[in-house]
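Some notes on the structure that comes next.
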Amino acid sequence: MKIIQLKDIAHARSGDKGDSANVGLIAINPENFSILQKYVTAKKVKEHFKGICLGEVERYELPNLGALNFMLHNSLGGGGTLSLKTDAQGKTYAAALLRMFIEVDENL
Amino acid sequence: MKSIRIAAGQGFWGDWLEAPKNQVRQGPIDYLIMDYLAELTMSIMMKQKRKNPLLGYASDFVDLMSEILPDIAKKNIKVLSNAGGVNPVACAKAVREIANKLGIGDKIKIAAVYGDDISGRINELLEKGHLLKNMETGEPITALKDQIQSANVYLGADGMVEALKNGANIIIAGRVTDTGLTLAPMIHEFGWSMTDWDKMATGTIAGHTIECGAQCSGGNCSYQWESIPDMANVGFPIIEAHEDGTFFVTKHEGTGGRIDIRTVKEQLVYEMGDPKSYITPDCIADFSSIQIADAGPNRVKIWGIKGQPKTEFYKVSISYVDGWKAVGTLVYTWPDAVKKAKVAGEILRARFEKLGLKFDDILTELVGVNSCHGALTDSEDPNIPEVTFRIGVRGHDQKSVERFTREIAPLILTGPPSVTGFAGGRPNVQEILAYWPALIKKETVQSVVDYF
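This is the structure we're talking about:
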């Protein structure tokens with residue numbers, strides 16, 4: 001097994017929808033989409049955002065874009081103008097997801 | 001095959017002022033579209049309109065028109081924007097005055113598209129059984145109806161298509177969707193049926209691609225951001241739309257930034273929910289059907305988009321008064337900057353409790369350590385050079401929030417050492433306008449088009 005950080009194989013963008021944030025995670029090279037698909041599960045993302053994402057994490061697949069979309073519910077301190085957070089719109093959550101390490105097969 | 005060039009000029013109210021001028025002057029375009037409205041912009045505009053009935057629109061748009069109207073008239077460019085905010089008619093009249101002053105009044109036909117504002121009809125709608133239930137909680141708006149500041153339906157492309165058919169070249173709308181601004185010219189130019197759902201989805205996704213301006217042409221791009229050239233002169237995106245539903249994303253020659261599948265994909269996934277079900281008033285677009293490929297330098301081809309029939313509902317964006325908030329900051333330095341900031345937070349919380357201040361939420365963040373990425377980056381390292389201690393409160397007791405703003409500065413002389421950064425004075429108390437998303441049956445709302 002080897003450990004890789006998502007920032008080395010993916011890029012991402014995030015934004016807000018009410019009190020939920022979305023993070024789109026895109027494989028830099030489309031052949032790496034299957035790695036994202038296999039290892040970056042909703043459960044793993046929920047654990048990664050512990051203390052930030054207080055609700056469910058939903059995962060959607062976009063193989064046509066080599067991308068996954070994560071909805072992080074209850075993650076923005078109330079969202080919109082209610083939020084007291086510096087990042088009330090989850091704009092930096094994309095970068096936060098790219099911090100994630102995943103353990104993959106040696107030959108990948 | 002017929003094709004048109006639709007250029008994005010603004011991604012939000014406050015975007016780069018040079019961008020729309022550059023779009024008009026640095027190369028050929030047929031349409032200039034500009035999005036000025038975010039969810040809560042409408043309530044800010046409503047406040048302005050209450051103070052002065054001639055206000056309530058994006059004033060930047062009128063300033064911009066006074067600069068570019070001659071170019072627009074000369075080059076036969078058409079402009080579509082939701083700059084009208086809560087007062088599209090006043091905005092249209094202001095632009096009419098400018099056109100006349102510039103001596104090109106006969107070359108400009110302005111349309112105001114509205115009917116989106118239902119704030120004056122809440123009681124009537126409730127009586128008729130339209131409960132405007134919150135899309136997230138299912139709760140009806142009834143209990144909050146006296147706190148409503150603004151209520152606007154997101155209209156689709158139809159009013160703007162009608163205005164184009166009637167020869168308008170400046171279209172000033174209220175709350176129309178961002179995507180409708182791009183879809184409307186495609187329907188008008190190509191004669192697309194508004195029940196050809198694949199085509200409606202194509203125009204909608206084209207709109208989504210450019211609605212945030214340079215965010216698809218290199219801005220905020222997380223892939224090799226340092227390699228993106230000449231961001232000082234970033235070119236805003238242009239859709240080259242073809243009649244068959246294929247479109248290209250590009251920008252003017254010689255401008256900065258970058259358009260490739262990576263910069264475009266990042267924008268495609270921005271603010272996305274379920275990708276198979278991107279709901280607008282015009283259709284349901286399926287982002288999982290998008291085919292995308294590089295098609296030359298700064299040129300991306302998109303095709304194959306599928307859509308589903310529109311729903312019978314409009315989305316309504318309602319804002320209402322929901323308490324007050326304030327945020328204050330101080331800076332602590334080495335040694336033990338993090339510990340000092342944390343102790344400062346504890347001292348303040350103890351003082352709030354003793355004073356009996358009532359808040360719904362108190363949030364302490366250490367900017368430079370954990371304010372954005374939370375526990376992922378938290379640190380107790382005593383050698384961190386400096387942190388910004390940031391504390392915010394929110395509540396329904398205005399007096400408590402006001403008192404909070406007076407409790408920050410005293411920490412300088414009554415708390416941990418090596419503290420600075422209070423030159424800005426006491427924080428401001430802000431009234432909170434909260435956002436209530438709801439649905440309403442389409443037949444209850446009629447879009448209106450007037451000409452000036």
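As you go down the protein sequences, you meet chains A and B in turn.
The first sequence stops at residue 108 when you use the working numbering, and every number in between is there.
The second sequence stops at residue 452 when you use the working numbering, and every number in between is there.
C-beta atoms are modelled at their ideal positions from N, C-alpha and C, and glycine is treated no differently.
Exercise. Beta strand (DSSP E) containing Phe287/B: first to last residue?
Worked result: Per DSSP, Phe287/B belongs to no beta strand (DSSP E) and is neither H nor E.
For this session: May I ask which residues mark the beginning and end of the alpha helix (DSSP H) holding Thr204/B?
Result: 197-210
Problem set entry | Arg59/A - containing beta strand (DSSP E), residue span | 57-62
For this session: May I have the straight-line CA-CA distance separating Ala214/B from Pro410/B, to the nearest angstrom?
Result: 43 Å
For this session: Could you name the residues of the region 25-40 of chain A whose beta carbon sits closer than 7 Å to any beta carbon of chain B, in the order they occur along the chain?
Result: Ile26, Ile28
Exercise. Phe313/B by DSSP, collapsed to three states: which one?
Worked result: strand
Exercise. Checking contacts by CB at 7 Å: is Lys44/A closer than that to chain B?
Worked result: no
Problem set entry | Host beta strand (DSSP E) of Val387/B (start-end) | 386-395
For this session: Please check if any C-beta of chain B sits within less than 7 Å of the C-beta of Asp8/A.
Result: no
For this session: Return the chain-ordered list of same chain residues with a C-beta closer than 6 Å to the C-beta of Ala19/B, the five sequence neighbours on each side being excluded.
Result: Gly9, Phe236
For this session: Tell me whether the beta-carbon of Leu68/A lies closer than 7 Å to the beta-carbon of Glu61/A.
Result: yes
Exercise. Residue ranges of each beta strand (DSSP E) run of no fewer than 3 residues wholly in the region 213-280 of chain B, ordered along the chain?
Worked result: 238-242, 247-250
Exercise. Which stretch, first to last residue, makes up the beta strand (DSSP E) that contains Gln23/B?
Worked result: Unbroken run through Gln23/B is the alpha helix (DSSP H), 18-25; no beta strand (DSSP E).
Problem set entry | Listed by chain order, chain B residues near Met1/A by CB distance under 7 Å | Near Met1/A there are no residues of chain B at all, since even the closest Cβ is about 22 Å away, more than 7 Å.
Exercise. Applying the criterion that 16 or more other CB atoms from any shown protein chain within 10 Å of the CB defines a buried residue, is Thr457/B buried or exposed?
Worked result: In the structure as shown, chain B begins at 1 and stops at 452. Residue 457/B is therefore absent and cannot be evaluated.
Problem set entry | Rounded straight-line distance, which links the Cα of Arg25/B to that of Lys2/B | 23 Å
Exercise. At a Cβ cut of 9 Å, what residues of the region 48-62 of chain A count as close to chain B, listed as they run along the chain?
Worked result: His48, Phe49, Lys50, Gly51, Ile52, Glu58, Tyr60, Glu61, Leu62
Problem set entry | Coil, strand or helix - Asn69/A by DSSP | strand
Exercise. Going along chain B, which residues have a C-beta under 9 Å from Leu72/A?
Worked result: Within chain B, no residue comes near Leu72/A; the closest Cβ sits about 12 Å away, beyond 9 Å.
Exercise. For Leu76/A, which residues in chain B fall below 7 Å Cβ to Cβ?
Worked result: In chain order: nothing, as chain B lies at least about 12 Å away.
For this session: Assign Arg50/B to one of two classes, buried (16 or more other C-beta atoms within 10 Å of its C-beta) or exposed (fewer than that).
Result: exposed
Problem set entry | Proximity of Ile205/B and Ala285/B at Cβ, strictly below 7 Å | yes
Exercise. Would you report the Cα separation of Thr177/B and Ala157/B, rounded to the nearest angstrom?
Worked result: 8 Å
For this session: Answer with yes or no whether the minimum CB distance from Pro275/B to chain E is below 7 Å.
Result: Protein chains A and B are contained in the structure displayed, whereas chain E is not.
Exercise. Does the beta carbon of Ala434/B sit closer than 7 Å to a beta carbon anywhere in chain A?
Worked result: yes
For this session: Using 10 angstroms around the beta-carbon of Pro281/B, count the other beta-carbons present and answer buried if the total reaches 16, otherwise exposed.
Result: buried
For this session: Check whether the Cβ of Leu97/A lies closer than 7 Å to any Cβ atom in chain B.
Result: no
Exercise. Between the region 220-240 of chain B and chain A, which residues of the former have CB atoms less than 9 Å from a CB of the latter, in chain order?
Worked result: Asn220, Cys221, Ser222, Tyr223, Gln224
Exercise. Taking DSSP as the reference, what is the three-state secondary structure of Ala157/B?
Worked result: coil
Problem set entry | Inter-stretch contact (C-beta, 8 Å, three-pair minimum) for the region 334-347 of chain B and the region 379-386 of chain B | yes
Exercise. Taking C-alpha atoms, which residue in Asp19/A, Gly80/A, Gln37/A lies nearest to Gly273/B?
Worked result: Asp19/A
Exercise. Can you list, in chain order, the stretches of the alpha helix (DSSP H) that have 4 or more residues and sit fully within the region 129-197 of chain B?
Worked result: 158-165, 178-190
Exercise. To which residues of the same chain is Pro437/B closer than 6 Å at the C-beta, ignoring the five residues directly before and after it?
Worked result: Met135
For this session: Consult DSSP for His373/B and reduce its assignment to one of helix, strand or coil.
Result: coil
Exercise. Going along the chain, which residues of its own chain have a beta-carbon closer than 8 Å to the beta-carbon of Lys47/B, five neighbours each way excluded?
Worked result: Gln149
Exercise. Is DSSP giving Pro70/B helix, strand or coil here?
Worked result: helix
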